[in-house]
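A.B. asks:
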Amino acid sequence: MTFTKSEKLLEQFCVRAGISHFRVPEASDRRPDYRFRLASRDLIVEVKELEPSEEEKALIACDPEEFDPVYAYHWGIPGERVRKKIANAVPQLKALAGTALPTLLVLHDPIRFWPELLDAQAISVAMYGIETILVSAEPAPEGGATVLARWHGGRRKLTESHNTSLSAVAILLQADLELRLDVYHNWYASNPLKPSELRAIGVNHFRVPAAPTDKFSHWVSC
């Protein structure tokens, strides 16, 4: 059995945090990677790793003196990598969890050359839609534009009728020798994961304070 870097790091994190876990046996069909043993039920977990494209690999390997600063911030659609991972993981999670168990998609970027590919904002716009802003044609008194409204637009992967089997998406972060798991809860989850069920050192939980429909929602700790 081979392990990705992300899977190895997640197992290290679970050992350090005291989270009971075991690997789901590989089979001919696609299955999630892990089960976490919670106090009263299991949590079905799928681990996905962000992999750079050939274009990105070339830029990462580029001589710093020749690096074009126009590529300092990633040019892709915000949250697109996360959307693709959600679309790929949900069928696997749903197949094993059914309607009885909560599910968690854990994402890890081993390179983090472009941190914005996998951060809280990327999770937000992938889950609930691209941040859309309406501004006034009249300048604000203090200068700049006046923001009239801000809401979640298109390209949302989670709604009240889509991918409700996904309880949360988490980012597995590594800084020096420290590991951290930031868990972002799905407002529309049919089987929510309670933050109290996964409390451990290094685990942080976030949710949106209201339904992410009319207004753009910012994460709050929970």
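Quick note on the numbering used here: the sequence shown kicks off at 114 and runs consecutively. C-beta: ideal position from N, C-alpha, C; glycine also.
(1) So what does DSSP say about Ile284, is it helix, strand or coil?
(2) Compute the beta-carbon to beta-carbon distance between Ala152 and Ala313, rounded to the nearest angstrom, for a pair I have assumed lies under 8 Å.
(3) Comparing C-alpha positions only, which one of Ala235, Arg196, Leu156 and His221 sits nearest to His187?
(4) Can you give the Cα-Cα distance for Phe135 and Pro325, rounded to whole angstroms?
(5) Please say whether Val219 and Ser278 have beta carbons closer to each other than 8 Å?
(6) Taking the C-alpha atoms as reference points, what is the distance between Leu209 and Gln125?
(7) Distance, Cα to Cα, Ile338 vs Arg150?
(8) By the three-class DSSP mapping on this structure, what secondary structure does Lys121 have?
(9) Rounded to whole angstroms, how far is the Cβ of Leu285 from the Cβ of His221, which I believe are closer than 8 Å?
(10) For Asn304 and Gln205, what's the separation of their Cα atoms in angstroms?
(11) Could you have a look at Ser309 and say whether DSSP puts it in helix, strand or coil?
(12) When the distance is taken between beta carbons, is Arg194 closer than 8 Å to Lys416?
(13) If I follow the unbroken alpha helix (DSSP H) through Ser314, where does it start and stop?
(14) Mind checking who Val128 pairs with in its DSSP beta bridge?
(15) So what does DSSP say about Ile224, is it helix, strand or coil?
(16) Using a 10 Å radius around the Cβ and a threshold of 16 neighbouring Cβ atoms, would you call His128 buried or exposed?
(17) If you draw a straight line from the C-alpha of Leu231 to the C-alpha of Glu164, how long is it?
(18) Specify, as a first and last residue, the run of the beta strand (DSSP E) that Leu292 falls within.
C.D. replies: Once the coordinates are examined:
(1) strand
(2) No, Ala152 and Ala313 are not in contact; Cβ-Cβ is about 12 Å, not under 8 Å.
(3) Ala235
(4) 34 Å
(5) no
(6) 24 Å
(7) The structure shown has nothing for residue 338, since the chain only spans 114 to 335.
(8) The answer is helix: DSSP assigns Lys121 an H, G or I state.
(9) 4 Å
(10) Rounded to whole angstroms, the gap between the alpha carbons of Asn304 and Gln205 is 16 Å.
(11) helix
(12) With the chain covering only 114 through 335, there is no way to say anything about residue 416.
(13) The residue asked about is misnamed: residue 314 is Ile in this sequence, not Ser. Here Ile314 belongs to no alpha helix (DSSP H), and DSSP marks it neither H nor E.
(14) DSSP output for Val128 lists no bridge partner at all.
(15) coil
(16) Note that residue 128 is Val in the sequence shown, not His. Exposed, since its Cβ has fewer than 16 Cβ neighbours within 10 Å.
(17) Those two C-alpha atoms are separated by around 12 Å.
(18) Glu291 to His298
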